[in-house]
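Numbering (our numbering), first residue to last: 532 to 862. Here the structure comes first, spelled out in structure tokens, and everything after it is commentary.
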């Protein structure tokens, strides 16, 4: 694949991503949601063919590049600062949400992989987690549709949570520390966590952001667990021929890079300017990837799914909030 072939598709995804950023900054809605909607509106470009290769490149390589660079946002000192009790709480919350999502998906007659995908997105870091988990799931005909639905739902629910959850912290009389733990442990996307936390107080915002970053750091072990489970379920033949494999050991290269960058960020002092640049680049890479996934989508397939995936994610979101609140009150 030459650069000349993929250039038109990459160009259109970048332009659409910039348009999504512009709309998000001027109207205050999540940029991921705008990227998805604009991408869906331009889905005809994927069907016509001239942009097809570049859109595929954006939805795959640029996606993995954006996820890998997230590693520079995480440091092991973040884990140490919160203490082992909070880490255990978040680990149990994430694991239980994914398990409940998988079981509920089966009960609703949906694919178990959708339960894993939505559970991971809800419990870890929203759209970014959905993209990372989707990247290692086995290929099937509805995979991109499921990913698109998950991103749309988790982004919308995260925005709603940003408004409602601070009200809940006041209703339950939570102090700044517990409010930060609840907001950082339950709201799906990082931007919404920051918005909700600092709307309560500066202390709450600081704690909420730290808790959220720890949830993001747990993305790698969760994705490795998904890979192990796929192998354990004897899906090795499907996984072997999947385009998501990048190493002989079966571990995607973007996860290895994510982990290495996290170690670098933990062991050395990276200039703030470089961190800001890589963070911005990572964020825009994910916006481009979401735009490309939207372009590859089929709107008719989205409307044919029904309300079951939405109901599934409502259950997962409700469980996560209930569990964190329960533990806060018990402790």
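Even glycine gets a Cβ: it sits at the ideal position worked out from N, Cα and C. Since the structure is predicted, the reported quantities are computational estimates derived from the model, not experimental observations.
Distance from the CA of residue 595 to the CA of residue 853, rounded to the nearest whole angstrom, comes to 33 Å.
C-alpha of residue 598 to C-alpha of residue 807: approximately 15 Å in a straight line. In terms of Cα proximity to residue 798, the closest of 550, 609, 581 is 609. The C-beta separation of residue 545 from residue 819 comes to about 6 Å, placing the pair in contact by the 8 Å criterion. C-alpha of residue 803 to C-alpha of residue 701: approximately 35 Å in a straight line. A Cβ-Cβ contact shorter than 8 Å links residue 665 with residue 674.
With a beta-carbon spacing of about 7 Å, residue 679 and residue 567 fall inside the 8 Å limit used to define contacts. DSSP places residue 733 in the uninterrupted alpha helix (DSSP H) bounded by 733-748. Contiguous alpha helix (DSSP H) elements confined to the region 787-836 occur at 803-826, 830-835, taking only those with 4 or more residues.
Between residue 826 and residue 574 the beta-carbon gap is near 5 Å, inside 8 Å, which marks them as a contact. Residue 724 and residue 633 have their C-alpha atoms some 25 Å from each other. Excluding its 5 nearest sequence neighbours in each direction, residue 636 has C-beta neighbours in its own chain below 7 Å: 642, 643, 645, 646, 843, listed in chain order. DSSP assignment within the region 548-631 yields the following whole alpha helix (DSSP H) runs of 4 residues or more, N-terminal first: 562-572, 575-579, 583-588, 594-600, 607-613. With a beta-carbon spacing of about 18 Å, residue 721 and residue 847 fall beyond the 8 Å limit used to define contacts. For residue 682, the uninterrupted alpha helix (DSSP H) segment begins and ends at 674-702. Collapsing the DSSP output to three states places residue 646 in a helix.
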